[in-house]
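Novice: Got a structure for you, written out below as structure tokens; questions coming shortly.
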């Protein structure tokens, strides 16, 4: 099925099941510990345990690796190093790939700290861990470049973030009545899902099965096949429950590759979970940025010049952190200049983390809008409303937004939050020893769709089974896909069983880039559409007249029970959704607004969030329960990015020093107040038959800027070097 | 699997005694007595997950930094990754599997579902065991960092947030978890109690 025309009336519009607040159908399994994550499957054969040893240097060559003591240690079955690693597919970059060969232990060259240098397999975890520490590695160390700020001159225009220039920015900026020219820095950040990257690999003859923690099943299936040099058809991947991803499980790492390789050598299952202190340097992270935002406006606040430059770094072949992306679409302005420069760094691989680009780009552009509003003496909400635009500002009115409720979100949020009662000037309001500040920011995240498929089977008895490779990484896929199928076939959610995350099922969009719910739902829609046609035909009703309701298919007053049509064998259909060029005809994005109140201690500068509100326009909200949780999660991670999250670079040794959950600070219960989410009524006809848009990343995109703006409102100190920690506020007070 | 055991036989007549490769441990797990021969290096967490196949208890960090491995040991919450099984011979452990089952949910498990107090579910067993322990601690009058009057420990959302802060949730179901636990506290104590600690009131969740 191809979605190449805007959606017209379809069965989802009934909204009998979809849009209803259903709790998660897999909930009882999760709250009782019965939902199996990758490392937790029990195979007929006793497993062996893998342990990854990471490199102790950031760049160089292994000149000697002594594994004799480890091999002689109790219980050890195998020690893999680059010297005895079986042949693998090659890659021209040290950055792990989504669906291409990503070899491990491929040679003596070290390209980043904690790169795997050895893999120990033993009868028990304790034996493998103890033996790994007996390995002695000698390196010839090469100096590396670990400091982004020292590479700005070398930066090149990356393939994935070409310059985007409209009009004459420099002239317009120079001529503007009011300008801001501000530089922001955002640090390296870690996705830090609660479930470590983990894999159980076992072979039966030439056929490999991996239970692995991954976001996109067909990617890791192909990638592992390419890496291990086996046909894709010989690889089965199961990711039925995934304990969070946030982008890092879009790629596959040493746990998967080395478990699979070792299991083949040993002829026994191997299970490996990356130890937490390894994850921060061994896997992926969000790369640091330096951003310069220049805005020029007339005295009223109408933007005439919009400039956003980003500098970022990565290993050779790695993607850029596209922090300018939102600035192409967010506000009007005839003269625009958006540029990214990427340099080579010898830090661990940078890759996707929740809302690549926007999550950190919005910190800059939305901070700059706040400073411009202050300079103009305009309400920051009004400044954003004034520069709202209903079409792609680069392409003009010929490319309208499919739907854009930024203005409504700002107005709704301002009213609900009590924006009118905000302190107008910094340090205006103090309660006891606490300074109170309010902040606002827009929310923006590009909407993406991906092809996705599913099989639906009407079972004997009239229930329905949905099968798709789609994953549920906490996003609510099990429930949402069940709702979509129930809606399409006129069943209740209880009559639908959903099976996910197995490469035996039709390929799916997987979970990433906020595309999951909408895309995978569209795949289920396509499969259900095929099944509905079969069933209507079987019942003898013209498809145009057939109505599916209450477990029956109807033509007028006449009906046939679905259980009757299912017969003894059941009836199944497979379908998939692909897309035309509607995403080119229309600019597509989720929009919203964030409002935050903070308190800052007048003596210590301790920052606390008092309350936060996100107003979200993301098309049809398929399930308000799971959607609200996605927004709360994004808001929380955004608060983390504003106030605490930072991988600290050792600029001499080239590693992230705080590589565990004790030292890499993520928000905890005590950091997060009760927060509110308001969903705007919106249907996006150009997005999919569901008329939905992504929202898993909208919550994080902008909220940190609202926090920063609130901190300024409370303290009078602008911190543009994220995260905003109390020492930076105190330094501002000292000045 | 059973780890290899040291050869049986006469101990050397002189010199240090060889350390046995395994030690016997008896634990009462979710009301059932379980006797195991364990490598003394095996954490309580890995005992549950790898030896008893109770994988509901999660390994998030193995360093006592995330709370996903929280279980109840003789009724009190502990981080099972930070303690060795052989240190707990004769003690009683309650895991998430012992709190309730899909067909017979503990009130907190039921509340977590209704309030969506989870997303990916990986930290959830730890959040739940920690919540059971927390309500009991408040009921027993154990103060926390945010307790205003050490002689009058009262339930509040801020007390919960403080006491549950050792349980990280990267999906950030925090507000929903607080709502779920608060509701269970209210239903177990009744509105008339006005939040005052009731000794023992929250202990009914700890099935031994």
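Residue numbers (UniProt numbering), protein chains in the order written: chain A, 1 to 735; chain B, 1 to 208. Here a beta-carbon is modelled for each residue, glycine too, at the ideal position from N, C-alpha and C.
For residue 737 (chain A), count the other beta carbons within 10 Å of its own beta carbon; 16 or more makes it buried, fewer makes it exposed. Which is it?
Specialist: As displayed, chain A neither begins before 1 nor continues past 735, which places residue 737 (chain A) out of reach and without an answer.
Novice: Can you confirm whether the stretch 440–455 of chain A touches the stretch 568–581 of chain A when touching is taken to mean that 3 or more C-beta pairs between the two stretches lie within less than 8 Å?
Specialist: Touching, per the Cβ criterion.
Novice: Any beta-carbon of chain A closer than 9 Å to the one on residue 176 (chain B)?
Specialist: True, the Cβ-Cβ gap to chain A drops below 9 Å.
Novice: Using a Cβ-Cβ distance cut-off of 9 Å, determine whether residue 25 (chain B) contacts chain A.
Specialist: No, no contact with chain A.
Novice: Please report how far the alpha carbon of residue 115 (chain B) lies from the alpha carbon of residue 630 (chain A), in whole angstroms.
Specialist: In a straight line, the C-alpha of residue 115 (chain B) is about 13 Å away from that of residue 630 (chain A).
Novice: Taking residue 716 (chain A) as the reference, which of A:723, A:426, A:493, A:616 has the closest Cα?
Specialist: When only C-alpha atoms are compared, the closest one is A:426.
Novice: Can you say whether residue 419 (chain A) is buried or exposed, counting buried as having 16 or more other CB atoms within 10 angstroms of its CB?
Specialist: Looking at its Cβ environment, which holds 16 or more other Cβ atoms inside 10 Å, residue 419 (chain A) is buried.
Novice: Take residue 159 (chain B) as the anchor and find which of A:671, A:157, A:587, A:665 has the nearest alpha-carbon.
Specialist: Out of A:671, A:157, A:587, A:665, A:671 has the C-alpha closest to the C-alpha of residue 159 (chain B).
Novice: Taking a Cβ distance cut-off of 9 Å, strictly less, list which residues of the stretch 471–500 of chain A are near chain B, in chain order.
Specialist: Per Cβ criterion, the list reads 472, 473, 474, 475, 476.
Novice: Roughly how many angstroms lie between the CA atoms of residue 781 (chain A) and residue 508 (chain A), to the nearest whole one?
Specialist: With chain A represented from 1 up to 735, any question about residue 781 (chain A) goes unanswered, as that position is not in the structure.
Novice: Measuring only the C-alpha atoms, how far is residue 65 (chain A) from residue 138 (chain A)?
Specialist: Rounded to the nearest angstrom, the two C-alpha atoms are 6 Å apart.
Novice: For the alpha helix (DSSP H) that residue 129 (chain B) lies in, which residues bound it at each end?
Specialist: Here the alpha helix (DSSP H) through residue 129 (chain B) covers 124–139.
Novice: When DSSP labels each residue in this structure, what does residue 636 (chain A) get in the three-state scheme?
Specialist: If DSSP states are grouped into helix, strand and coil, residue 636 (chain A) belongs with the helices.
Novice: CB-CB under 6 Å to residue 657 (chain A), same chain, minus the five flanking residues each way: which ones, in chain order?
Specialist: If we look at residue 657 (chain A) and ignore the five residues flanking it on each side, its Cβ neighbours are 648, 650.
Novice: Any Cβ of chain A within less than 9 Å of the Cβ of residue 165 (chain B)?
Specialist: So, interface residue.
Novice: With contact counted as at least three CB pairs below 8 Å, one residue from each stretch, are the stretch 697–714 of chain A and the stretch 587–601 of chain A in contact?
Specialist: Yes, the stretch 697–714 of chain A touches the stretch 587–601 of chain A.
Novice: Within 9 Å (strictly less), CB to CB, does residue 96 (chain B) reach chain A?
Specialist: Chain A contact via Cβ: present.
Novice: Looking at the unbroken alpha helix (DSSP H) that takes in residue 369 (chain A), where does it start and where does it end?
Specialist: Unbroken alpha helix (DSSP H) run through residue 369 (chain A): 358–376.
Novice: Can you give me, in chain order, the residues of the stretch 629–650 of chain A that have a beta carbon less than 7 Å from any beta carbon in chain B?
Specialist: Correct list: 629, 632, 633, 636, 637.
Novice: Count the other CB atoms within 10 Å of the CB of residue 308 (chain A); is the residue buried (16 or more) or exposed (fewer)?
Specialist: It counts as buried.
Novice: With 9 Å as the threshold, decide whether the Cβ of residue 27 (chain A) is near any Cβ in chain B.
Specialist: Cβ-Cβ to chain B under 9 Å: yes for residue 27 (chain A).
Novice: Using 8 Å for Cβ pairs, my map puts residue 703 (chain A) next to residue 612 (chain A). What's the rounded Cβ distance?
Specialist: With 8 Å as the limit, residue 703 (chain A) and residue 612 (chain A) qualify as a contact, their Cβ atoms being about 7 Å apart.
Novice: Using the rule of at least 16 other Cβ atoms within 10 Å of the residue's Cβ for burial, across every protein chain shown, is residue 146 (chain B) buried or exposed?
Specialist: When all chains shown are included, residue 146 (chain B) counts as exposed.
Novice: Cβ of residue 158 (chain A) within 9 Å of Cβ of residue 326 (chain A)?
Specialist: Not in contact: residue 158 (chain A) and residue 326 (chain A) (Cβ atoms no closer than 9 Å).
Novice: Compile a chain-ordered list of the residues in the stretch 688–704 of chain A whose CB is closer than 7 Å to at least one CB of chain C.
Specialist: No chain C appears in the structure shown, which is made up of the protein chains A and B.
Novice: Using a Cβ-Cβ cut-off of 9 Å, state whether residue 295 (chain A) counts as contacting chain B.
Specialist: Not closer than 9 Å to any Cβ of chain B, the Cβ of residue 295 (chain A) fails to qualify, so no.
Novice: Could you pull the start and end residues of the beta strand (DSSP E) that residue 344 (chain A) belongs to?
Specialist: Taken as a continuous stretch (DSSP letters only), the beta strand (DSSP E) holding residue 344 (chain A) covers 335–344.
Novice: Take residue 360 (chain A) and list the residues in its own chain whose beta-carbon comes closer than 6 Å to its own, dropping the five residues that flank it on each side.
Specialist: Once the five neighbours on either side are set aside, the close Cβ partners of residue 360 (chain A) are 186, 289, 323.
Novice: Note down, in chain order, each residue of its chain lying with its Cβ closer than 6 Å to the Cβ of residue 7 (chain A), except the 5 sequence neighbours on either side.
Specialist: Cβ neighbours of residue 7 (chain A) beyond the five flanking positions: 685, 689, 691.
Novice: Could you tell me whether any Cβ in chain A is nearer than 9 Å to the Cβ of residue 205 (chain B)?
Specialist: Low per-residue confidence applies at residue 205 (chain B): pLDDT is 36, beneath 50, and the placement is therefore not dependable enough to give any value.
Novice: Along the chain, where does the alpha helix (DSSP H) containing residue 50 (chain B) start, and where does it finish?
Specialist: Note, residue 50 (chain B): premise wrong, no alpha helix (DSSP H); not H, not E.
Novice: Does residue 283 (chain A) have its Cβ less than 9 Å from a Cβ in chain B?
Specialist: Answer no: the Cβ-Cβ gap between residue 283 (chain A) and chain B never drops below 9 Å.
Novice: Buried or exposed: residue 133 (chain A), going by 16 or more other Cβ atoms within 10 Å of its Cβ?
Specialist: The residue in question, residue 133 (chain A), is exposed, as its Cβ has fewer than 16 Cβ neighbours within 10 Å.
Novice: Flag this pair as yes or no: are the beta carbons of residue 638 (chain A) and residue 594 (chain A) separated by less than 9 Å?
Specialist: In this structure, residue 594 (chain A) lies closer than 9 Å to residue 638 (chain A) by Cβ.
Novice: Extract the residue ranges of the beta strand (DSSP E) inside the stretch 489–517 of chain A, only unbroken runs of 3 or more that lie entirely within it.
Specialist: The qualifying runs are 496–500.
Novice: Taking the continuous beta strand (DSSP E) assigned at residue 583 (chain A), which residues delimit it?
Specialist: Premise fails: residue 583 (chain A) lies in the alpha helix (DSSP H), 582–585, not in any beta strand (DSSP E).
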